[in-house]
Structure formats: structure tokens, C-alpha cells
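Peer 1:
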Amino acid sequence: MSEVIKIKKGLDIQLAGKADKVFGQAELPELFAVKPTDFHGVVPKMAVKVGDKVKAGTVLFFDKYRPEIKFVSPVSGELAAVNRGERRRILEVVVKADGADEKEQFGTANAADLSKEQVVEKMQAAGLWPFIRKRPYDVIANADETPKAFFISGFDSAPLAPDMDFVLSGQEEALQAGIDVIKRLCDNVHVGVQNDAASKVFKNLNGVTVHTFSGPHPAGNVGVQIHHTMPISKGEVVWVAQPQEIIAIGKLFTEGIYDANRIVVLAGSEVEKKGYYRTKLGASISTLVKNNVKTDDTLRYISGNVLTGTQVEEDGFLGTYHSQVTVIPEGDYYEFMGWAMPGFNKFSMSHSFFSWMCKKKEYRLDANMHGGLRSFVVSGQYDKVLPMDILPEFLFRAILVEDIDKMEQLGIYELAEEDIALCEFVCTSKQPLQATLRKGIDLMIKELS
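Residue numbers (my numbering): 48 to 496.
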């Protein structure tokens, strides 16, 4: 049995609305979308036009500067719209499904008989390469680089997150097939599992090194797991992927298709029928939430979790890297004295409210920030929830003044937005820390390219 790595810093936010381990019933929606905004650094160039017929696996667009990076349709049907934002930036490429579920055929292959270059070429042709991301920077991996390791987090510790063992139950064969493919890209494959008896799916995998973690969120973040087992230095690269993405990679080689099937959890205090649902990448969440949410308050729909997810409309689309849909109150109200008003129903990591005495109490939290943006206050709060040997306040200061050398010295290579999401949650200054970190990462990429 592997040594247990204990994560002491962090915070478990006890949100109301956790889903039971049961499958709900919901029809597949008519509309699906691939969102270029999900992929940092990608400049999309369309490969099809509105009205064109597509199959599951047909290329919709590719990266202008890396044409080999392709993004494909999750379903068969017709390209319904290309939604644009400011300066005609492409926000969503929408496909209207025809229900036929026709698939592009890419042919089966035994990964053991292929070279790394052949595996990469096959994954790129089928639109699966965007599932492989790299640290540092949390961007789509460069196939020409040689990673020192490949990491997969086998559990998600974020609020109301899905139970990965439940999600992957019955798909062990495809998961192992995906691992076998990954080993052709990098022989040093690591999997992080939780410190309990539930991680049987991952502990039975062949060809991987298993690390066991315990502790509060963000123990399930792959960046935290990398930091505690194989820290990244300048010039080093680690590739990462999520478990359901590994399954899709395995099915490409065993079945010769692009598999967009996903199991997502629908959770949150405002959801009536919480549970797990079978859907596809990029699906509209409308069929999941219609007649399934409370209507007393204005609601916020989130693709992903409450810390790092993306706000979407009631008929918005599931993000490419998301396996969770969360619904909470919007919180569009004014409260006298704001966060300073005492109460038993207010969550705090400190002893500011009497609720700290109720350790297992679940809270119906909303999206109200209870205050506005103000100057940075160096209070040591970030250090309590970031389990890394990094000085976050000083790093953010270096980013704001665009000091590249200091950013390197202070550990920006090891961070992605999800790793500092808790810092943003506890920040009394209401600073947009995730956006600030992404600004710093973009500066690093520009400087070093």
C-alpha cells in the first residue's frame, strides 16, 4: 500500500445539495456546443459553415497557429450557429443533433504496436488531443515536448463534486485501454487516489504509480498532487488528463470512434432531483434543469463547481472539461452591514460567526460577494488554504507589476486557476485571483515563446 500524503492546508466548504449516488433520467438535448473559450491560447479557425452536415468526430474548427489541434463535433447533425462576442471572437460553435448518432470512423489500433508519433497523430485526427493538458500553464500539451510524467487525479475534492469511482464503475476496461495508450506517450504515469476504501477502480489499474492523499480540498487537484510528489521546475513539463477523458482515448483505439459520452453530477441547494446523469460533451443543460429547480429565487447556473466553474444560462452548455452542473441562488440582494452581520447560517473559515461551532452543518450559500473590490490586504489567509510551498501574496504582487523573474522564483510554474480558487473564496479584498493568475501565465508564455 502506498504511503498516505496528508494535505493539512485547505478548506472543505459544506454546501447543501450533494447528490446521492443514483442515476437520474433526462433526455439528450437538441443543441450541443464546443466553446473555444474553454481552451486557453487557442485561436479558432472554422473548418465548416453554418448549415453543413456533421458526424460525431467531424472537425468543427482548429487552432490557427497549431492546425494539427482539431476540435470535433460531439454529435451528428447540422452546424446550427457560430456565436460570436466582442471583436467577432468565436464563443460557441453550436450543433443541432439529428438523433442518428452517426460517427466518423478512425479505425481501431493496438497502441502497443504504434510509436509515440503515430499515437499522437491518431489522437489529433480524432480531436482528442485537447484532452491532454500540460503543467506549467494549464494549456493544451505540445506533442513535440517530452513530459517527465503524466498525472491523473482519481478523485475530485471540490464542493458537491462527483464521486469518480461511482462515475467510472463498469468502465474499467476502457479506462485501462486509455492508460495503455497514455503509456505510449509517457511511460511514467501517476494516479492520485483518496485515502479511503473507495478507490478500487484506480488501485486495480496496471502500469501506473498510485499515490494516496488525505485532507481537505484542494487535495483532489492534480496540481497539488504533482507538487507533493514531483514538483515542476523551470524547463520541465508534466501532462495531465481527467479519468473520463482517458476512457474516451481508450475507446478511440478499441472502437475507432470519438466517444463524447459523459456522466455528470447535477447538484446544488436549488436542485430538486439531484443525481448523476448520462449526457455528452457540450450538451445544453436545459433538459437537466427544466422543471427540476426551485423557482422562489433568481438562480445561478454553473457548468462545473462553485469555485472554478463557468456561469451559464438556463439553456447554456456544459464545458469541455466539466463533469458537474451546479445550481445555487444568485444572491441579488443588499444586506445591511454585509459580511459583518452576525448569523448562524453564514459560513466562514474563521471564528467570525457562531456557525464555526457547527462542524457538519451544510450551508445554502449564494453568489453574493458581500462586498466590493478593494486593495490587497496581506493577512495570511491564502497560506491557510494553499497546500503548496508558495508565497501567494508575493506572487500576485509580482504578476500585477509584470515582474517575470519574480513570478518564476515564486512558483508560477506549479499553479493553475483551480489551485488558487480557495484563495479567491477566502479573500477579504475580493480580488479576482484566478483571472490575475491567468494574466501572469499569459505573460510568461509571451515572454518565453
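Note that the Cβ used here is the ideal one computed from N, Cα and C, for glycine as well.
Am I right that residue 414 and residue 347 are in contact with their C-beta atoms under 8 Å? What's the rounded C-beta distance?
Peer 2: Rounded, the Cβ-Cβ distance is 5 Å, consistent with contact.
Peer 1: Which residues in the same chain have their Cβ closer than 6 Å to the Cβ of residue 491, if we skip the five residues on either side of it in sequence?
Peer 2: Answer for residue 491: no residue qualifies.
Peer 1: Would you list the residues sitting across from residue 326 in a DSSP beta bridge?
Peer 2: The partner list for residue 326 (beta bridge, DSSP) reads 309.
Peer 1: If we count Cβ pairs, one from each stretch, closer than 8 Å, do we get three or more for the stretch 145–152 versus the stretch 303–315?
Peer 2: Touching, yes.
Peer 1: On a CA-only basis, which of 57, 353, 381, 237 is nearest residue 372? Give me that one, please.
Peer 2: It is 353.
Peer 1: Determine contact between the stretch 70–85 and the stretch 315–335, defined as no fewer than three beta-carbon pairs at a distance below 8 Å.
Peer 2: The answer is yes - the stretch 315–335 touches the stretch 70–85, with three or more Cβ pairs under 8 Å.
Peer 1: With distance defined between alpha-carbon atoms, name the residue in 277, 58, 64, 164 nearest to residue 410.
Peer 2: Measuring from the Cα of residue 410, the nearest candidate turns out to be 64.
Peer 1: Please classify residue 110 as buried or exposed, where buried requires at least 16 other C-beta atoms within 10 Å of its C-beta.
Peer 2: By the 10 Å Cβ count, residue 110 comes out buried.
Peer 1: Using the rule of at least 16 other Cβ atoms within 10 Å of the residue's Cβ for burial, across every protein chain shown, is residue 254 buried or exposed?
Peer 2: When all chains shown are included, residue 254 counts as exposed.
Peer 1: My output table needs one value for residue 342: the three-state DSSP class, helix, strand or coil.
Peer 2: Reduced to three states, the DSSP call for residue 342 is coil.
Peer 1: Using C-beta distances below 8 Å, list every residue in its chain close to residue 447, excluding the 5 sequence neighbours before and after it, in chain order.
Peer 2: Correct list, in chain order: 483.
Peer 1: Have a look at residue 284 and residue 236 and give me their C-alpha separation to the nearest angstrom.
Peer 2: The alpha-carbon atoms of residue 284 and residue 236 are separated by roughly 13 Å.
Peer 1: Going by C-alpha to C-alpha distance, which of 233, 135, 166, 226 sits closest to residue 181?
Peer 2: Answer by Cα proximity: 233.
Peer 1: Quick check: the Cα distance between residue 364 and residue 466, rounded to an integer number of angstroms?
Peer 2: Each residue's Cα considered, the two are about 24 Å apart.
Peer 1: May I have a chain-ordered list of the beta strand (DSSP E) segments no shorter than 3 residues that lie completely inside the stretch 128–184?
Peer 2: You should have 137–144, 180–182.
Peer 1: What residue from 276, 379, 71 has the CA that sits closest to residue 461's CA?
Peer 2: Comparing Cα-Cα distances from residue 461 to each of 276, 379, 71, the minimum goes to 276.
Peer 1: Grab me the residues of residue 26's own chain with a C-beta within less than 7 Å of its C-beta, minus the 5 sequence neighbours each way, in chain order.
Peer 2: This structure does not reach residue 26, given that the chain is present from 48 up to 496, and the question cannot be answered.
Peer 1: Quick check for students: name the residue ranges of the alpha helix (DSSP H) that lie wholly in the stretch 426–486, counting only runs of 4 or more.
Peer 2: Those alpha helix (DSSP H) runs which fall completely within the stretch 426–486 and span 4+ residues are 428–432, 439–447, 451–456, 468–473.
Peer 1: Going by Cα to Cα distance, which pick from 140, 123, 124 is closest to residue 130?
Peer 2: Ranking the options by Cα distance to residue 130, first place goes to 140.
Peer 1: Going straight from the alpha carbon of residue 208 to that of residue 434, what length do you get?
Peer 2: Approximately 20 Å between the Cα atoms of the pair.
Peer 1: DSSP three-state call for residue 91: helix, strand or coil?
Peer 2: Three-state result, residue 91: strand.
Peer 1: Taking the alpha helix (DSSP H) that residue 275 belongs to, which residues open and close that run?
Peer 2: Run containing residue 275: 269–276, per the alpha helix (DSSP H) assignment.
Peer 1: Near residue 194, which residues of its chain fall below 6 Å by C-beta distance, leaving aside the five closest residues on each side in sequence?
Peer 2: Hits under 6 Å: 233, 284, 285, 286.
Peer 1: Whether or not the stretch 332–346 and the stretch 82–95 are in contact is what I'm after, with contact meaning three or more pairs of Cβ atoms, one per stretch, closer than 8 Å; do they touch?
Peer 2: Taking 8 Å as the limit for Cβ pairs, the verdict is that the stretch 332–346 does not touch the stretch 82–95.
Peer 1: Smallest Cα separation from residue 204: which of 241, 227, 319, 288?
Peer 2: Among 241, 227, 319, 288, the Cα nearest to that of residue 204 belongs to 241.
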